[in-house]
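Chemist: Sharing a structure, written as structure tokens. Questions coming.
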Amino acid sequence: MSQTRFPLPLRPEIEFDVTAPKELGDVAKPLSFFEKLAANGAVRRGVILIVVALIWEMYARFLDRPLSFPTFLDTLEALRDGFASGIIPARLSVTLQTLVIGYFIGLTIAAVLTTVAVTSRLGMDLLSTFTAMFNPLPAIALLPLALLWFGLGRPSLVFVIVHSVLWAVALNMHSGFLSVSETLRMAGRTFGLKGLRFVFGILIPAAFPAILAGLKIGWAFAWRTLIAAELVFGVSSGQGGLGWYIFEKRNTLDTASVFAGLLTVMAVGLIIEAVIFRLIEAKTVRRWGMQRG
Amino acid sequence: MDQALAKTASSAPLLSVDGVTLQYKTPDHLVTATYRVSFDIQRHERLVLLGPSGCGKSTILKAMAGFLHPVEGRITLKDRVVEGPGPDRMMVFQEFDQLLPWKTVEQNVAYPMRVNGIGAQDAKERALDALAKVNLSKFADAYPHMLSGGMKQRVAIARAMAMKPDVLLMDEPYAALDALTRRKMQEELLQLWDDIGFTLVFVTHSIEEAVVIGSRIVVLSPHPGQVRAEINCAHLGLNERASPEFAELTGRISHMLFDGQNVAH
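Quick mapping for you: the protein sequence lines, in order, are chains A and B.
In terms of this note's numbering, the first sequence opens at residue -3 and continues consecutively.
In terms of this note's numbering, the second sequence opens at residue 291 and continues consecutively.
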């Protein structure tokens, strides 16, 4: 070894004395109260909301035209009145019922289509052709046709929602199924799983991250589509939804209530996206280590 | 071990591979992976399929599992032709993602039993028993993503064993592990065999691993795979690794595989 082509330099060995951690002062210094507060995302977002509300209130007072731009406090009051009189909850429940019906019909059809698609080549061609055709078509564009077929009322709304949910969910489900690893598939088959049991036992849980993404996108599409559809022709058998509430209040120039309705739409969307779907994620894909949280 | 072998040597083979030619398609070619491969496995044997990369050893194993059908010849288990995958031939794969990430370790082990109609209580007991055998009782409630690669492979082995299959198929299960973990796992597997005496088919491309694990080695020639030799090595295990006999045998196999070319191991 001493006769290599690359002579190594001769260097002395050294040992050092290390300062004891105690003498270095506080090694783990606790953060100050404000530093901890600033690290909390909810607090930061809360501050932003308060600032926005303040600016809103000041600008509206400066503008002083309550018919086109009510103040923040007026809007809150309208919101409170809407809830106290039971109108907003009633409208909201009509909207949510329609949504749930449409959402689950859409999911069911998507599940059937995708299952057929993974078990046969014809099914796969069908699904990819249909999704390619219908996915770019905004659901709201089908509303005139829906009105023609199903008349004014809930069935038309449900039809439109089914359309908005179906393709997004089917597309995600299908790509999720395709990405299930060959090893997992073979493992499932050595257990003796076949057909539908294989789909439910292996494919669906293994593709769950993609399916959940599809559910979220489907939900977002459905919610926006439904409010828009209700705005266009909201009343179904005398019972309007949240979109209808907004439209109605605009007609009576009760602008503060229009804002209150919009705030409700935002709040519901936020709650379902940030609370319900987050909860499902925490209980499933993040717990299973399939998605980082 | 020699005794166990002698006892069963005369009985009918448990699994027999008879003149099996396997082909698969790539986008451009119809590739012949193995050509007229024949060998038998007796009960309690630890048969190792050994060969260089691309000799079709994993392909044979997949055919034994029932994922591939021979274009010529046949594979029979207890005199019945293998038609498709099934729980009588549980398989342990090389990849760590063979566990179901949405199930806990215990549920993973119990699941194949549940699928095949074994009651929940029974399956749970057998699962815990199998986990104890691979020293993972503490992790019964953990999810697979919390485990190291070696632990995942042990769960997969427990899952396969708990099913009490006729034959356990292992496809390079330790290839993705570091050398120290691999040694430990080999030791554990041999210990398990001493306890239970399962019938094992083990695929590897490491000559040393083949001699340590196997009671009998089927040496396959390079592509397309044909049987080059069948060798008994039940007398050589982990403790004999430094013995001249062990070195002589690995040398002999290496010579067969590489036809005397000077290949550094």
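Backbone N, C-alpha and C define an ideal beta-carbon position, used for all residues, glycine too.
Predicted model, so just to flag it, every value in this text is computed and none were measured.
In chain A, what lies closer than 9 Å to B:H435 by C-beta?
Modeler: Here residue 435 of chain B is taken as the residue at index 145 of the second sequence, counted from 1. In chain order: W284, G285 and M286.
Chemist: Hey, which unbroken runs of the alpha helix (DSSP H) at 4 residues or more fall wholly within the segment 26 to 67 of chain A?
Modeler: Qualifying alpha helix (DSSP H) stretches, in chain order: 29 to 35 and 37 to 59.
Chemist: Of the residues that make up the segment 172 to 199 of chain A, which ones have a beta carbon closer than 9 Å to any beta carbon in chain C?
Modeler: Chain labels in this structure do not include chain C; the protein chains are A and B.
Chemist: In or out: B:E362 buried (at least 16 other Cβ within 10 Å) or exposed?
Modeler: Position 72 of the second sequence, counted from the start, is the residue given in the question as residue 362 of chain B. B:E362 should be labelled exposed.
Chemist: Going by the beta-carbon positions, is the gap between B:G504 and B:L337 smaller than 9 Å?
Modeler: Along the second sequence, one-based indexing puts residue 504 of chain B at 214. Along the second sequence, one-based indexing puts residue 337 of chain B at 47. Contact: yes.
Chemist: Can you name the residues of chain B whose CB is closer than 9 Å to the CB of A:F204?
Modeler: The residue you call residue 204 of chain A lines up with position 208 of the first sequence. By Cβ distance, chain B contributes W392.
Chemist: Taking just the CA atoms, how far does A:M120 sit from A:A209?
Modeler: Locating residue 209 of chain A in the first sequence gives position 213, where the first residue counts as 1. Locating residue 120 of chain A in the first sequence gives position 124, where the first residue counts as 1. If you take the alpha carbons of A:A209 and A:M120, they lie about 20 Å apart.
Chemist: Out of B:E499, B:Y401, B:E535 and B:L482, which one is the CA nearest neighbour of B:M453?
Modeler: Within the second sequence, residue 453 of chain B is the residue found at index 163, counting from 1. With distances taken between Cα atoms, B:M453 lies closest to B:Y401.
Chemist: With a threshold of 8 Å on Cβ separation, who are the neighbours of B:D456 within its own chain once the five nearest residues in sequence on each side are excluded?
Modeler: On the second sequence, residue 456 of chain B is found 166 positions in, with the first residue counted as 1. Around B:D456: L304, L305, L367, K368, D378, R379 and T489.
Chemist: Could you pull the start and end residues of the beta strand (DSSP E) that B:S306 belongs to?
Modeler: Indexing the second sequence from 1 puts residue 306 of chain B at position 16. Run containing B:S306: L305 to K315, per the beta strand (DSSP E) assignment.
Chemist: Taking Cβ positions, are A:A142 and A:V156 nearer each other than 9 Å?
Modeler: Numbered from 1 along the first sequence, position 146 holds the residue referred to as residue 142 of chain A. Numbered from 1 along the first sequence, position 160 holds the residue referred to as residue 156 of chain A. Cβ distance < 9 Å, so A:A142 and A:V156 count as in contact.
Chemist: Could you check whether the Cβ of B:F383 sits closer than 9 Å to any Cβ belonging to chain A?
Modeler: Position 93 of the second sequence, counting from 1, holds the residue named residue 383 of chain B. So, interface residue.
Chemist: Flag this pair as yes or no: are the beta carbons of A:G239 and A:V228 separated by less than 9 Å?
Modeler: Against the first sequence, residue 239 of chain A aligns to sequence position 243. Against the first sequence, residue 228 of chain A aligns to sequence position 232. Yes; because the gap between Cβ atoms is below 9 Å, this pair is in contact.
Chemist: Hey, does A:T67 have any beta-carbon neighbour from chain B nearer than 9 Å?
Modeler: Start at 1 with the first residue of the first sequence, and residue 67 of chain A comes out as number 71. No, A:T67 does not count as interfacial toward chain B.
Chemist: Considering only the beta carbon of each residue, do B:L340 and B:L547 sit closer than 9 Å?
Modeler: Here residue 340 of chain B refers to the residue found at position 50 of the second sequence. Here residue 547 of chain B refers to the residue found at position 257 of the second sequence. Yes; because the gap between Cβ atoms is below 9 Å, this pair is in contact.
Chemist: Do A:L153 and A:G321 count as a contact pair if the criterion is CB distance below 9 Å?
Modeler: Here chain A comprises residues numbered -3 to 289, so residue 321 of chain A is not present and cannot be evaluated.
Chemist: Here's the rule I'm using: 16 or more other beta-carbon atoms within 10 Å means buried, otherwise exposed. How should B:Y325 be labelled?
Modeler: Working through the second sequence from its first residue, we reach residue 325 of chain B at position 35. Classification of B:Y325: buried, given that the 10 Å Cβ count is 16 or more.
Chemist: Would you list the one or two residues that DSSP bridges to B:L367?
Modeler: By 1-based counting over the second sequence, the position of residue 367 of chain B is 77. B:L367 pairs with B:L305 and B:R370.
Chemist: Report the option in B:R370, B:A448 and B:A302 whose CA atom is closest to the CA atom of B:V331.
Modeler: What you label residue 331 of chain B is simply residue 41 of the second sequence in a count that begins at 1. Note that residue 331 of chain B is Ile in the sequence shown, not Val. It is B:A302 whose Cα lies nearest to the Cα of B:I331.
Chemist: With DSSP run on the structure shown, which of helix, strand or coil describes B:N552?
Modeler: For this step, residue 552 of chain B is matched to residue 262 along the second sequence. Annotation note: pLDDT 47 at B:N552 (below 50); position unreliable, coordinate value reported separately. The answer is coil: DSSP assigns B:N552 none of H, G, I, E or B.
Chemist: Would you say B:R370 reaches chain A, if we count a Cβ-Cβ gap shorter than 9 Å as a contact?
Modeler: Taking the first residue of the second sequence as 1, we reach residue 370 of chain B at position 80. False, the Cβ-Cβ gap to chain A never drops below 9 Å.
Chemist: Quick one: is B:D308 near chain A, going by C-beta distance under 9 Å?
Modeler: The residue you call residue 308 of chain B lines up with position 18 of the second sequence. Judged by the 9 Å Cβ criterion, B:D308 is not in contact with chain A.
Chemist: Below 8 Å CB to CB, which residues in the same chain sit around B:T394 once its five sequence neighbours on both sides are set aside?
Modeler: Along the second sequence, one-based indexing puts residue 394 of chain B at 104. Closer than 8 Å at the Cβ level, and outside the excluded window around B:T394, lie A430, D431, A432 and Y433.
Chemist: Tell me where the alpha helix (DSSP H) around A:E178 begins and ends.
Modeler: On the first sequence, residue 178 of chain A is found 182 positions in, with the first residue counted as 1. Start and end: E178 to T186.
Chemist: Compute every distance between the C-beta of B:R416 and the non-hydrogen atoms of the ligand COA, then say whether any falls below 8 Å.
Modeler: Although the ligand COA was asked about, the structure shown includes no ligands whatsoever.
Chemist: Check the Cβ-Cβ distances between A:F273 and every residue of chain B, and say whether any is below 9 Å.
Modeler: Sequence index remark: in the first sequence, residue 273 of chain A carries index 277 (1-based). No, A:F273 does not count as interfacial toward chain B.
Chemist: Assign B:E396 to one of two classes, buried (16 or more other C-beta atoms within 10 Å of its C-beta) or exposed (fewer than that).
Modeler: As a first step, residue 396 of chain B must be located in the second sequence, where it is residue number 106. Classification of B:E396: buried, given that the 10 Å Cβ count is 16 or more.
Chemist: Determine the burial state of A:S64: buried for a count of at least 16 other Cβ atoms within 10 Å of its Cβ, exposed for fewer.
Modeler: By one-based count along the first sequence, residue 64 of chain A stands at place 68. It counts as exposed.
Chemist: Would you verify that the beta carbon of A:T280 is, or is not, closer than 9 Å to some beta carbon of chain B?
Modeler: In the first sequence, residue 280 of chain A corresponds to position 284, counting from 1. Answer yes: the Cβ-Cβ gap between A:T280 and chain B drops below 9 Å somewhere.
Chemist: Relative to the C-alpha of B:M381, which candidate in B:M354, B:N406 and B:G407 has its C-alpha closest?
Modeler: By 1-based counting over the second sequence, the position of residue 381 of chain B is 91. Out of B:M354, B:N406 and B:G407, B:M354 has the C-alpha closest to the C-alpha of B:M381.
Chemist: Have a look at B:E498, B:D484, B:L480 and B:L482 and flag the residue whose alpha-carbon is nearest the alpha-carbon of B:A465.
Modeler: Walking along the second sequence from the start, residue 465 of chain B turns up at place 175. If we check each option's Cα against that of B:A465, B:E498 comes out closest.
Chemist: Given A:T303, which residues of its chain have a CB within under 8 Å of its CB, disregarding the five upstream and five downstream residues?
Modeler: Limits of chain A in this structure are -3 at one end and 289 at the other, which puts residue 303 of chain A out of reach.
Chemist: Kindly list, in the order they appear in chain A, the residues whose Cβ is closer than 9 Å to that of B:M460.
Modeler: Within the second sequence, the letter at position 170 stands for residue 460 of chain B. Neighbours of B:M460 on chain A: none; closest Cβ ~12 Å, over 9 Å.
Chemist: Run down chain A in chain order and give the residues with a C-beta less than 9 Å from the C-beta of B:Y401.
Modeler: By 1-based counting over the second sequence, the position of residue 401 of chain B is 111. Here the neighbours are F187 and G197.
Chemist: How about B:Q388: is its C-beta nearer than 9 Å to some C-beta of chain A?
Modeler: As a position in the second sequence, residue 388 of chain B is number 98, starting the count at 1. Yes, B:Q388 counts as interfacial toward chain A.
Chemist: Taking just the CA atoms, how far does A:S175 sit from A:L189?
Modeler: On the first sequence, residue 189 of chain A is found 193 positions in, with the first residue counted as 1. On the first sequence, residue 175 of chain A is found 179 positions in, with the first residue counted as 1. Approximately 19 Å between the Cα atoms of the pair.
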